[in-house]
Amino acid sequence: MELAVIEIRRLNYSDKNEVSEFYNIFWRIPAEIGDEFINEQSSGFIAKFIDHSIATENETNTFSGIALFQGIIVGIHVLRKFIECGTIGVHSANLWVEKNFRRMGIAEELKIRGEAWADSIGATFINTNVLPDNKVMLDMNKSNGFSIYKINLRKRIINNKIG
Ligand SMILES: CC(C)(COP(=O)(O)OP(=O)(O)OC[C@H]1O[C@@H](n2cnc3c(N)ncnc32)[C@H](O)[C@@H]1OP(=O)(O)O)[C@@H](O)C(=O)NCCC(=O)NCCS
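Each residue of the sequence shown is one higher than the one before, starting from -8 at the first, in the numbering used here.
Spelled out as structure tokens, the structure:
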């Protein structure tokens, strides 16, 4: 399949069904990639998250890129603006492409568009967290100019359940 058959654009926040499809995918990704600290979220949590996103996200603070095949979302990329010591940065909250659509260049295209958005809002850097065993994503980021900045460590506190 050619990249040309894929529509790549920003999420349409005025289409609640599309936002819902987007954030249901978003919250499935941690389990897919084996993130042991982020449990599968309840439908109630996701519903509230969708309402909050519609109310607060816009092109000044969030890049929500989507790749569509025949109207179905097959790829997402989320960048969020943040301020660090008075400097604008963006944090990559997610990048995902549906299994049957991988190795077509969709992630690369979403990253290019996300970085162009980051540049347009005056960001000076992009921050991203990657699980240590996710070699594909580590290599892709390195080949896109990312380098290791800090290493994030976590210790489980066994008495408290993850919410
Ligand atoms: C990582 C991911 C987003 C890549 O999406 P993709 O659309 O397949 O990536 P692209 O087609 O744009 O690949 C760009 C380049 O990255 C490298 N790459 C991508 N997938 C690869 C793989 N499985 N093995 C080796 N290299 C790979 C290649 O260099 C590729 O270029 P090439 O196909 O011309 O060789 C996708 O595999 C995915 O959704 N994984 C699960 C979710 C995930 O891990 N997200 C990151 C969380 S931090």
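Ideal placement from N, C-alpha and C gives every residue a C-beta, glycine not left out.
Beta-carbon spacing of residue i, residue j below 9 Å
i    : j     : result
K90  : G80   : no
I97  : N85   : no
L2   : S55   : yes
N15  : I(-3) : no
V65  : V88   : yes
H82  : I117  : yes
A160 : F92   : Absent from the model: residue 160. The displayed extent of the chain is -8 to 154, so no value can be given.
Residues that residue i bridges to, as DSSP identifies them
i   : result
S5  : In DSSP, S5 forms no bridge with anything.
L59 : E(-2) and I64
Residue closest to residue i, alpha-carbon to alpha-carbon, out of the options
i    : options                  : result
P123 : L144, E106, D110 and N15 : L144
T75  : G136, F92 and A114       : Sequence check: residue 75 is Glu here, not Thr. Closest by alpha carbon: A114.
G25  : A109, V121 and F92       : V121
For residue i, three-class secondary structure by DSSP
i    : result
A107 : helix
R19  : helix
F137 : coil
K72  : strand
L129 : helix
S34  : helix
8 Å contact criterion, which residue i and residue j should meet: CB distance rounded
i    : j   : result
K102 : I45 : No, K102 and I45 are not in contact; Cβ-Cβ is about 25 Å, not under 8 Å.
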